[in-house]
Amino acid sequence: MDDNGIFSGLKVLDCASFIAAPAAATVLSDFGADVIKIEPPGAGDPYRNLPNLPGYPISDRNYAWMLEARNKRSLALDLAKPEGKEVLRKLVAEADVFITNFPPPVRARLGVSYADLAPLNERLIYASFTGYGERGAEANKPGFDSNAWWARSGMMDLVRADEDSTPARSVAGMGDHPCAMSLFGAIVTALYKRERTGKGSEVKSNLMANGLWSTSVLAQAKLVGAEFQPRRPRERALNAVANHYRCRDGRWLILSLLNEEKQWPILTKCLGREDLTDDPRFATKADRHARSIELIGIFDETFATRDLADWRKALDGTGIVFGVVGILDDITTDQQLIENEVLVPFENDTTLTINSPIWIEGSTKTRPRKPPGIGEHSDEVLRSAGYDDAAIKALRASGAVG
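In terms of our numbering, the sequence shown opens at residue 1045 and continues consecutively.
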């Protein structure tokens, strides 16, 4: 058993902001990597301010920062100052991974491009994340997951209830966190390559590419010239046993029957509608699909007679594939999440946080530690890099370190 984590001893510089790229560093930290968060003195990473924006949940705790910055140490460093650049270069020389999502022109101005840093450390993994890739007319265009991942990929259009509905809005971080896993995978692949060759490399990912990957089944259909059907409203769906239904208490569940011929009699029994089993209108799969609108109406009436909890009891253990349309109120008492360590408590705290979705047998994950204040570990990081008290004092006097 590796009690310190599989990445114990790995030095990571998180020189990024907001979610996708820093979250990749968070996953590395979950497995024991020493992650130094580099952020501007004073205000810090602007992501710290996310919960203060209009429309976000109101709390006296910075829930966004708790999630993305757990386990990290903060170095407040002004990379616009020559002294700050020099500190970074010294850290890079001893680092294993450098992560950034700064736009290419900003990297060039601050001296943190791959061309700037790679000569300092031949074993460095330089992880680059952008909105729209690093070539073409949009290479320098800023992007968030709401536009570059969700909207650009077609998902915003495709998940509408029907063609007359407005495009669906995204929620905070819904694209960033899957993108973080792509960047994490790229970093780990490069670390494996380094084990074989001894050399570091540059790895890249972007919001746009991840968005299209997420919608790639339908995107591939478009690429081969497939004929698309109009998106139908739920009440007129083509398959009643692959549809969602509202229960008496207002909660929803979704049926996902694929082995329909076998499961049809089981479903009718669970619903207390055995009369439908041999109903000639729905006797075969083809009949049920031909009369899907009629069957959806029957199911709507049936599911509306009982609460979600009752339907879960009726359907669980029968082999019927279904899912609960979850709401956030569910998660704090969801034993399946807790027993599988999807939710884990912070160190020395009962507050829960969301675990990264990877487990490796024989390697423990770090107990989540509270996120750092701005520059909380500046002195500690600088001393470990060889700066004495006088040098640290001079850096602070210059404004390069906060």
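Where a beta carbon is used, it is the ideal one built from N, C-alpha and C, also for glycine.
Practice task
Output the distance between the C-alpha atoms of I1063 and L1202, rounded to the nearest integer angstrom.
Solution key: The alpha-carbon atoms of I1063 and L1202 are separated by roughly 24 Å.
Problem - Contacting residues, own chain, Cβ-Cβ under 7 Å from G1177 (five flanking each side not counted) - result: Hits under 7 Å: A1183, N1250, M1252 and A1253.
Problem - Where the beta strand (DSSP E) containing S1118 begins and where it ends - result: R1117 to A1120
Problem - Span of the beta strand (DSSP E), counted from its first residue to its last, around Y1170 - result: I1169 to T1174
Exercise for the section: Have a look at Y1431 and E1127 and give me their C-alpha separation to the nearest angstrom. Expected result: 12 Å
Problem - Where G1053 falls, given that 16 or more other Cβ within 10 Å makes a residue buried - result: exposed
Practice task
Pull up the DSSP beta-bridge partners for K1081, would you.
Solution key: D1058 and S1118
Exercise for the section: Leaving aside the five residues before and after L1154 along the sequence, list all residues of the same chain whose C-beta is less than 8 Å from its C-beta, in chain order. Expected result: L1123, A1124, K1129 and F1146
Practice task
Alpha carbon to alpha carbon, how far is K1313 from C1223? Give it in angstroms, no decimals.
Solution key: 42 Å
Handout entry: Contact check, L1075 vs I1102, beta carbons under 7 Å
Key = First, the amino acid is wrong: residue 1075 is Phe here, not Leu. The answer is no: Cβ separation not under 7 Å.
Practice task
Kindly indicate which three-state DSSP category Y1289 falls into: helix, strand or coil?
Solution key: strand
Problem - C-alpha distance - D1378 paired with T1362, whole-angstrom precision - result: 21 Å
Handout entry: Within-7 Å CB hit, D1432 to chain C
Key = No chain C is part of this structure, which consists of one protein chain only.
Problem - Minimum length 4: unbroken alpha helix (DSSP H) runs contained in the stretch 1377 to 1412 - result: 1379 to 1383
Practice task
Return helix, strand or coil for I1310, following the three-state DSSP convention.
Solution key: helix
Handout entry: Own chain partners of V1136 with C-beta closer than 8 Å, once the 5 adjacent residues on each side are dropped
Key = L1057, F1142, L1161, L1164, N1165 and L1168
Handout entry: Three-state class that DSSP yields for V1247 in the structure shown
Key = Strand.
Practice task
Determine, using beta carbons only, whether A1152 and I1418 come nearer to each other than 7 Å.
Solution key: no
Exercise for the section: Would you identify the three-state DSSP class for F1146, choosing helix, strand or coil? Expected result: coil
Practice task
Please say whether V1365 and S1300 have beta carbons closer to each other than 7 Å?
Solution key: yes
Exercise for the section: Output yes or no for whether 7 Å exceeds the beta carbon distance between A1284 and I1340. Expected result: yes
Practice task
Tell me whether the beta-carbon of A1212 lies closer than 7 Å to the beta-carbon of M1225.
Solution key: no
Exercise for the section: Just tell me which of P1415, R1440, D1433 and W1403 has its CA closest to the CA of I1080. Expected result: P1415
Handout entry: Close Cβ partners of E1448 (< 7 Å) along its chain, the five nearest in sequence each way excluded
Key = Within the shown structure, residues of the chain are numbered from 1045 to 1446, placing residue 1448 beyond reach of any answer.
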